[in-house]
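Just so we're aligned, residue 110 is where the sequence shown starts under this note's numbering, counting upward by one. Down below is the structure, laid out as structure tokens.
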Amino acid sequence: MTPDKKTIFSGVQPSGNLTLGNYLGALRNFCRLQDEYNCYYCVVDMHTLTVRQNPEELRERSYALLALYLACGLDPDKNVLFLQSHVHSHAELSWVLGCYTYMGELSRMTQFKDKSQRHADNINAGLFTYPVLMAADILLYKSDLVPIGADQKQHLELARNIAERFNAVYGDTFVVPEPFIPGNGARIMSLQEPDKKMSKSDTNVNNFVLITDPRDVIIKKFKKAVTDSGAEIRYDENEKPGISNLINIYASVKDVTRQDVEKEFEGGRYGDFKKAVGESVADTLAPIQERYAEFISDKTYLESILRRNAEKASEKAESTVREVYEKVGFILK
Ligand code: ATP
Ligand code: LTN
């Protein structure tokens, strides 16, 4: 870790196969920020238990997510790539921070409201306290910046409030983190229902594009994407949510503005535009898919990264927990 660099923490849940939304909203920025910051990128396996998981699948998806981190270009020597459950401090700090978080705050979280509707038969306490564990993840490493998609902004604000509240009682302890939310990729919407976000746990496979989807599947999914009865390729979230989502995706993948996209396709047909979007996404994902196939076939290598990095993460995390334990009045061992 370079002492004069600021610190980043972010995490992704191994709760399913990753989508284009996860890539454009989060993973791509993890890579872009890796040279400028000391980065902790975590596979947040403990968070996934808030929804029922199949144990064997969870284990496989945790390896898969690490392989995807590497395939997207994260350097395992430069970044701390690790599993949340390997560092016991996450659970420890989460308990303490839970005592500085109000029920009212947690019940206002929109993700809790959404997920408790979707999993009405399993509204468990973990689902409710999920944002406290997320705050612990971030605050443990004294993180300055947290790259996330727009849907996580509310959780980050809660983490900031918890940090400020703790600091006000015990003196400066935590860094109050800032979100890093990308311009165009922050909120990629479902391809069939563009009024809701693209989500890896969606039951309709045509709603999302997976990072690992083959080229022909990607192009087919974009061809089927819902648009509108008009004919103009123009950005208007309210009137044209489907086309606006495609403009957003193309702008994000090509790294241009929405206006550039409108200009490029001015007078063009929806069909041709959808084809161009599909092809540009497939081109972007192809090299990642190739590298992913190599990494996922070498579990020994993946395990060596996890072991080494769990140690690095633990060192920092344990020192924060000691500081917190001391401040709240525990006898240190
Ligand atoms: P689930 O659908 O199971 O709730 P998720 O994909 O929403 O999962 P995570 O895997 O934890 O949740 O998300 C990892 C990162 O990807 C987060 O920073 C999140 O904000 C971002 N992200 C998720 N979906 C999108 C999306 N549709 N557009 C942009 N960013 C997204
Ligand atoms: N809650 C996030 C995943 C997550 C996270 C974090 C993101 C858990 N801990 C810490 C950033 C920082 C989600 O559902 N997308």
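Glycine is no exception: its CB is placed at the ideal position from the N, C-alpha and C atoms.
If you check the beta carbons only, do residue 190 and residue 175 fall under 8 Å apart?
For residue 190 and residue 175, yes; Cβs fall inside 8 Å.
Can you name the residues that DSSP bridges to residue 147?
Residue pairing of residue 147 in beta bridges, as defined by DSSP: 116.
Just to confirm the assignment, what range does the alpha helix (DSSP H) spanning residue 189 have?
Element bounds for residue 189: not the alpha helix (DSSP H) but the beta strand (DSSP E), 189 to 192.
Would you mind sorting residue 184 into buried or exposed? The rule is 16 or more other CB atoms within 10 Å of its CB.
By the 10 Å Cβ count, residue 184 comes out exposed.
Closer than 6 Å between the C-beta and any heavy atom of the ligand LTN: which residues qualify, listed along the chain?
That gives 118, 119, 120, 122, 153, 156, 243, 246, 247, 255, 257, 261 and 264.
Residue 154 versus 242, 414 and 377, residue with shortest Cα-Cα distance:
Considering only alpha carbons, the answer is 242.
For the ligand ATP, is there any heavy atom lying closer than 7 Å to the beta carbon of residue 218?
No, the beta carbon of residue 218 sits no closer than 7 Å to any heavy atom of the ligand ATP.
Does DSSP put residue 283 in a helix, a strand or coil?
The answer is coil: DSSP assigns residue 283 none of H, G, I, E or B.
Residue range of the unbroken beta strand (DSSP E) whose run includes residue 255
Looking at the DSSP string, the run of the beta strand (DSSP E) that includes residue 255 is 254 to 256.
3 or more residues per run - each beta strand (DSSP E) lying fully within the stretch 242 to 325
Taking only runs of at least 3 residues, the beta strand (DSSP E) segments lying wholly in the stretch 242 to 325 are 254 to 256 and 287 to 289.
For the alpha helix (DSSP H) that contains residue 389, what are its first and last residues?
For residue 389, the uninterrupted alpha helix (DSSP H) run begins and ends at 379 to 405, by DSSP.
CB residue 257 to CB residue 133, shorter than 8 Å?
Not a contact, by the Cβ cut-off of 8 Å.
Opening and closing residue of the alpha helix (DSSP H) in which residue 427 lies
First-last of the alpha helix (DSSP H) with residue 427: 408 to 437.
Cα-Cα separation, residue 108 to residue 398:
Nothing can be reported for residue 108, as the shown portion of the chain is limited to 110 through 442.
Between residue 142 and the rest of its own chain, which residues show a CB-CB distance below 8 Å, the 5 nearest in sequence each way excluded?
Around residue 142: 117, 148, 254, 256 and 289.
Thinking C-alpha only, which one of 280, 362 and 305 is nearest residue 320?
It is 362.
For residue 128, which three-state DSSP category applies?
Assignment of residue 128 by DSSP, reduced to helix, strand and coil, places it in the strand class.
For residue 271, the nearest candidate out of 234, 337, 202 and 308 (CA to CA)
Residue 202 is the option with its Cα nearest to residue 271.
Hey, is residue 297 close to the ligand ATP, as in C-beta under 7 Å from one of its heavy atoms?
True, at least one ligand heavy atom lies under 7 Å from that Cβ.
Between the alpha carbons of residue 351 and residue 120, how many angstroms are there, rounded?
Cα to Cα, the separation comes out at about 28 Å.
In the DSSP output, which residue or residues are listed as bridge partners for residue 349?
Answer is 345.
In terms of residue numbering, what span does the alpha helix (DSSP H) encompassing residue 369 cover?
Here the alpha helix (DSSP H) through residue 369 covers 367 to 373.
Which same chain residues end up closer than 8 Å to residue 140 when comparing Cβ atoms and leaving out the 5 residues on each side of it in sequence?
Within the same chain, Cβ atoms closer than 8 Å to the Cβ of residue 140 are found at 181, 182 and 183, the five residues on either side in sequence being excluded.
As assigned by DSSP and simplified to three states, the class of residue 121
Of the three classes helix, strand and coil, the one that applies to residue 121 here is strand, per DSSP.
Only counting the same chain, and skipping five residues up and downstream in sequence, which positions put a Cβ closer than 7 Å to that of residue 396?
Scanning its chain for C-beta atoms nearer than 7 Å, with the 5 sequence neighbours on each side dropped, one finds no residue around residue 396.
Is residue 160 helix, strand or coil when you go by DSSP?
In the structure shown, residue 160 sits in coil (DSSP, three-state: anything other than H, G, I, E or B).
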